[in-house]
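Reviewing the structure listed below.
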Amino acid sequence: MFSFNFKQISLSTFILPPVPSIPLFIACFSCFPSPPFSTPSPPLHPPPLDTKVALLLTRVGNIDILRKTNSLTVNSRCKFLFCKDSRRTYIGRVRCAAAVAGTRERMEMERKERVRKAEALVEIAMKGNDASHDAAHVWRVRDLALSLASEEGLSSNPHSMEIVELAALLHDIGDYKYLRDPSEEETVENFLTEEGVEENKKSKILEIIKGMGFKEEVTGKGNTEWCPEFGVVQDADRLDAIGAIGIARCFTFGGSKKRSLHDPAILPRSDLSKEQYMNKEEQTTINHFHEKLLKLKDMMKTKAGKRRAEIRHKFMEEFVKEFYDEWNGSI
1 MFSFNFKQIS LSTFILPPVP SIPLFIACFS CFPSPPFSTP SPPLHPPPLD TKVALLLTRV
61 GNIDILRKTN SLTVNSRCKF LFCKDSRRTY IGRVRCAAAV AGTRERMEME RKERVRKAEA
121 LVEIAMKGND ASHDAAHVWR VRDLALSLAS EEGLSSNPHS MEIVELAALL HDIGDYKYLR
181 DPSEEETVEN FLTEEGVEEN KKSKILEIIK GMGFKEEVTG KGNTEWCPEF GVVQDADRLD
241 AIGAIGIARC FTFGGSKKRS LHDPAILPRS DLSKEQYMNK EEQTTINHFH EKLLKLKDMM
301 KTKAGKRRAE IRHKFMEEFV KEFYDEWNGS I
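Residues 1 to 331, numbered by full-length UniProt numbering, are exactly what the sequence shown covers, in order.
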């Protein structure tokens with residue numbers, strides 16, 4: 001085992017498995033020469049691969065970017081340097097941990113800034129909407145989505161969690177029900193591009209937003225192949241459409257469109273096409289429960305979403321029964 005003395009501090013090192021054909025990047029102080037790469041006597045108990053180093057190597061992703069020695073400078077003395085050895089590669093754990101910490105801190109700061117800007121965009125874009133689709137709805141969906149994602153085991157993946165949060169925040173911007181200008185349909189994509197969101201992450205966010213609406217599955221032929229991030233964001237939006245909050249939102253939206261609460265002569269529609277569902281001019285508010293809201297429980301994607309939907313669905317069923325009983329004067 002090697003030991004480097006820097007201001008009386010010993011920087012221990014460890015051994016990575018041989019990787020003769022894969023270039024690795026070593027975080028080392030630029031004022032020190034590269035350590036020798038002779039093979040020492042193996043330790044009695046080799047330490048396991050440091051999780052921080054593993055995180056560094058898996059998170060970096062783009063090898064070509066790191067070929068530039070100053071591409072990920074953590075501070076004035078710590079850089080990523082290209083090094084390859086056909087036998088063993090030794091990495092100073094303390095120095096590599098410092099590099100990882102700096103990279104993670106920068107990534108977290110960038111994530112928080114993107115979220116802050118997304119929240120500001122939501123406030124502006126949804127300012128004129130009624131309370132059924134206002135910013136408060138978005139905050140609830142975001143909180144639900146992150147909670148569901150945690151239950152579904154996504155919280156250990158920061159990339160997945162950022163996709164979930166941004167998709168939840170931006171999902172109702174450019175909604176056809178409130179579209180005032182066709183250019184608003186490009187708002188989310190333009191925002192993600194301007195913020196420098198990675199292409200694969202951007203495409204996944206846009207795919208989630210495009211496919212999560214009920215109109216895309218109204219015929220029962222929705223997307224059968226979906227990623228975990230899609231499931232938690234869609235379930236979160238649907239959970240906010242049912243239960244006590246869902247009831248309040250339904251009548252708020254109906255009132256904003258000057259719809260009747262109920263008309264016994266107007267029956268709920270069945271076997272709707274996407275176009276028929278989107279055309280609701282002749283419908284009553286209570287019929288929306290039959291055409292959409294009471295169907296959502298069985299359309300949940302995640303186990304966590306299904307469990308929560310059961311509770312909200314039961315409350316909604318009781319409300320609808322009570323509504324008809326009171327309307328008919330039977331109680």
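We treat Cβ as the ideally placed atom computed from N, Cα and C, and that holds for glycine. Keep in mind it's a predicted model, so treat the numbers as computed, not measured.
Spatial neighbours of Glu162 within its chain, please: CB distance less than 6 Å, with the 5 preceding and 5 following residues excluded, ordered by chain position.
Locating residue 162 in the sequence shown gives position 162, where the first residue counts as 1. Hits under 6 Å: Arg111.
Q) Using the C-alpha atoms, what's the distance from Phe251 back to Ser160? A) As a working note, residue 160 is residue 160 in the sequence shown. As a working note, residue 251 is residue 251 in the sequence shown. Cα to Cα, the separation comes out at about 34 Å.
| said: Given this structure, state the Cα-to-Cα distance separating Leu166 from Ala118, to the nearest angstrom. | reply: As a first step, residue 166 is located in the sequence shown; it is residue number 166 there, counting from the start. As a first step, residue 118 is located in the sequence shown; it is residue number 118 there, counting from the start. The straight-line gap from Cα to Cα measures roughly 7 Å.
Tell me which same chain residues have a C-beta within less than 7 Å of the C-beta of Ala304, skipping the five on either side of it? Taking the sequence shown and counting its residues from 1, one reaches residue 304 at position 304. Once the five neighbours on either side are set aside, the close Cβ partners of Ala304 are Leu148, Glu151, Glu152.
Spatial neighbours of Arg308 in its chain, beta-carbon cut-off 7 Å, leaving aside the 5 residues before and after: The sequence position of residue 308 within the sequence shown is 308, counting from 1. The residues are Leu239.
Quiz item: Are the CB atoms of Glu189 and Lys177 nearer to each other than 9 Å?
Solution: The residue you call residue 189 lines up with position 189 of the sequence shown. The residue you call residue 177 lines up with position 177 of the sequence shown. No, Cβ-Cβ distance for Glu189 and Lys177 is not below 9 Å.
Report back the beta-carbon spacing between Val141 and Ala236 to the nearest angstrom; my notes put them in contact at under 8 Å.
-> Residue 141 sits at position 141 when you count from the first residue of the sequence shown. Residue 236 sits at position 236 when you count from the first residue of the sequence shown. Yes, Val141 and Ala236 are in contact; Cβ-Cβ is about 5 Å, under 8 Å.
*Indicate whether residue 332 and Gly255 have their beta-carbon atoms separated by less than 9 Å.*
As shown, the chain starts at 1 and ends at 331. That puts residue 332 outside it, with no answer to give.
Fill in: Contacting residues, own chain, Cβ-Cβ under 6 Å from Arg312 (five flanking each side not counted)
Numbered from its first residue, the sequence shown carries residue 312 at position 312. Only Ile242, Gly243 meet the Cβ criterion.
**Prompt:** Do we get a CB-CB distance below 9 Å when we pair Glu318 with the residues of chain C?
**Reply:** Within the model displayed, chain C is absent; a lone protein chain is all it includes.
**Study point:** Helix, strand or coil at Cys250 [DSSP, three-state]
**Key:** The residue you call residue 250 lines up with position 250 of the sequence shown. Cys250: helix per DSSP, three-state reduction.
Lys177, DSSP secondary structure in three states: If you number the sequence shown from 1, residue 177 lands on position 177. Three-state result, Lys177: helix.
- Query: Straight-line CA distance for Glu198 to Trp327?
  - Reply: The residue given as residue 198 occupies position 198 in the sequence shown. The residue given as residue 327 occupies position 327 in the sequence shown. If you take the alpha carbons of Glu198 and Trp327, they lie about 54 Å apart.
Separation of Pro264 from Ile209, as counted between CA atoms: Taking the sequence shown and counting its residues from 1, one reaches residue 209 at position 209. Taking the sequence shown and counting its residues from 1, one reaches residue 264 at position 264. Roughly 36 Å between the two C-alpha positions.
Practice item. Check Asn157 in the structure and name its three-state DSSP category. Key: What you label residue 157 is simply residue 157 of the sequence shown in a count that begins at 1. Here Asn157 sits in coil by DSSP.
- What residues in its chain sit with their C-beta under 7 Å from that of His290, if we drop five residues either side in the sequence? Numbered from 1 along the sequence shown, position 290 holds the residue referred to as residue 290. Excluding sequence neighbours, His290 sits near Pro268.
On the CB-based measure, 16 or more other CB atoms within 10 Å of its CB, does Glu229 come out buried or exposed? Indexing the sequence shown from 1 puts residue 229 at position 229. That one is buried.
Just to check my reading of the structure: Lys274 and Val218 have Cβ atoms closer than 8 Å, yes? What is that Cβ distance to the nearest angstrom? In the sequence shown, the residue the question calls residue 274 occupies position 274. In the sequence shown, the residue the question calls residue 218 occupies position 218. With a Cβ gap of about 6 Å, Lys274 and Val218 count as contacting.
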